[in-house]
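In our numbering, the protein residues as written are 123 to 370. For glycine and all other residues, C-beta sits at the position ideal for the given N, C-alpha and C.
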């Protein structure tokens, strides 16, 4: 689901950016880049995920550490009926607690390091985003990244907001998996039915199969189109073109 996670992260970031004070085009695009990359972070708990393999040994080490941490937390908090599970995938990193915690951590770091920290975080998230979506993602994000490099002051409002972007990206990932046929323990550690890792799923009517026709032929094209239309200025330009064609 790498493409779907990244596309929904991009769309979610473009919509949410103005709500956290990102008002100029550069800050909106950088915020959306952060949500796009962060929407891939929860899958660091899988050894074969694109994010885990992105930078070779460096990201593989991060993935290994996250799997170990996920396994330890799972075994420490699981009910007796849940302790038979061996695979740490879709456990700790697929919870809302993880999303909030990572968002707060990133916000703390970027608040302390200012625009420099914001650019580093955005750069790392851009690598993840481009790896998942290819060159068009780089072209879509390039104006914001170039503007930020030329005039770092354009990102003064972003350092803490990037923590929100990272947390939001993780939440979008979890909700995407929640809507698939494979459940996620997103509400951990709230006990439900005697379990702390209760498998949560969307209502059956709204679930889709990973890699199936609904994802490939409906969701990916839909969010790709939205991802272009939501870029600042694009929607207005398309609207003007439609008006001109209608007048003709």
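Original post:
Would you say residue 284 and residue 156 are within 8 Å of each other, going by their C-beta atoms?
Top reply: Yes, these two residues count as a Cβ contact at 8 Å.
**OP:** Could you tell me the distance, in whole angstroms, from the CA atom of residue 213 to the CA atom of residue 150?
**Re:** For residue 213 and residue 150, the distance between alpha carbons rounds to 31 Å.
Original post:
How about residue 160 and residue 292: do their beta carbons lie closer than 8 Å?
Top reply: Cβ atoms of residue 160 and residue 292: closer than 8 Å.
**OP:** Helix, strand or coil for residue 335, going by three-state DSSP, please let me know.
**Re:** Per DSSP, reduced to three states, the secondary structure at residue 335 is helical.
Original post:
Are the CB atoms of residue 133 and residue 352 nearer to each other than 8 Å?
Top reply: Cβ atoms of residue 133 and residue 352: closer than 8 Å.
Original post:
When DSSP labels each residue in this structure, what does residue 184 get in the three-state scheme?
Top reply: Here DSSP, grouped into helix, strand and coil, assigns residue 184 to helix.
Original post:
Is the number of C-beta pairs between the segment 229-241 and the segment 319-326 that are closer than 8 Å three or more?
Top reply: With a cut-off of 8 Å on Cβ pairs, the segment 229-241 is not in contact with the segment 319-326, counting fewer than three such pairs.
**OP:** Kindly indicate which three-state DSSP category residue 317 falls into: helix, strand or coil?
**Re:** Reduced to three states, the DSSP call for residue 317 is strand.
Original post:
Can you tell me where the alpha helix (DSSP H) with residue 167 in it begins and where it stops?
Top reply: Counted as a single uninterrupted DSSP element, the stretch harbouring residue 167 is not any alpha helix (DSSP H), since DSSP gives it neither H nor E.
Original post:
The alpha helix (DSSP H) with residue 143 in it runs from where to where?
Top reply: For residue 143, no alpha helix (DSSP H) run applies, since DSSP gives it neither H nor E.
Original post:
At what residues does the alpha helix (DSSP H) containing residue 350 begin and finish?
Top reply: According to the DSSP assignment, residue 350 belongs to the alpha helix (DSSP H) that extends over 342-351.
Original post:
Where do the N-terminal and C-terminal ends of the alpha helix (DSSP H) with residue 155 fall, by residue?
Top reply: In the DSSP assignment, residue 155 falls within the alpha helix (DSSP H) that extends over 147-160.
Original post:
Can you tell me the Cα-Cα spacing of residue 312 and residue 265, whole angstroms?
Top reply: Using only the alpha carbons, I get a separation of about 43 Å.
Original post:
Since residue 230 is in the alpha helix (DSSP H), which residue starts that stretch and which ends it?
Top reply: Residue 230 -> alpha helix (DSSP H) spans 218-255.
Original post:
Quick check: the segment 299-319 against the segment 171-191, are there 3 or more CB pairs under 8 Å?
Top reply: The segment 299-319 makes no contact with the segment 171-191, as fewer than three CB pairs between them are under 8 Å.
**OP:** Indicate the three-state DSSP secondary structure (helix, strand or coil) for residue 282 in the structure shown.
**Re:** Residue 282: coil per DSSP, three-state reduction.
Original post:
In the DSSP assignment, what are the bridge partners of residue 306?
Top reply: Residue 306 is bridged to 322.
Subject >> Cβ neighbour criterion (16 or more within 10 Å) applied to residue 198 >> reply: When all chains shown are included, residue 198 counts as exposed.
Subject >> Given residue 349 as reference, the closest of 336, 255 and 333 once Cα atoms are compared >> reply: Cα-wise, what sits closest to residue 349 is 255.
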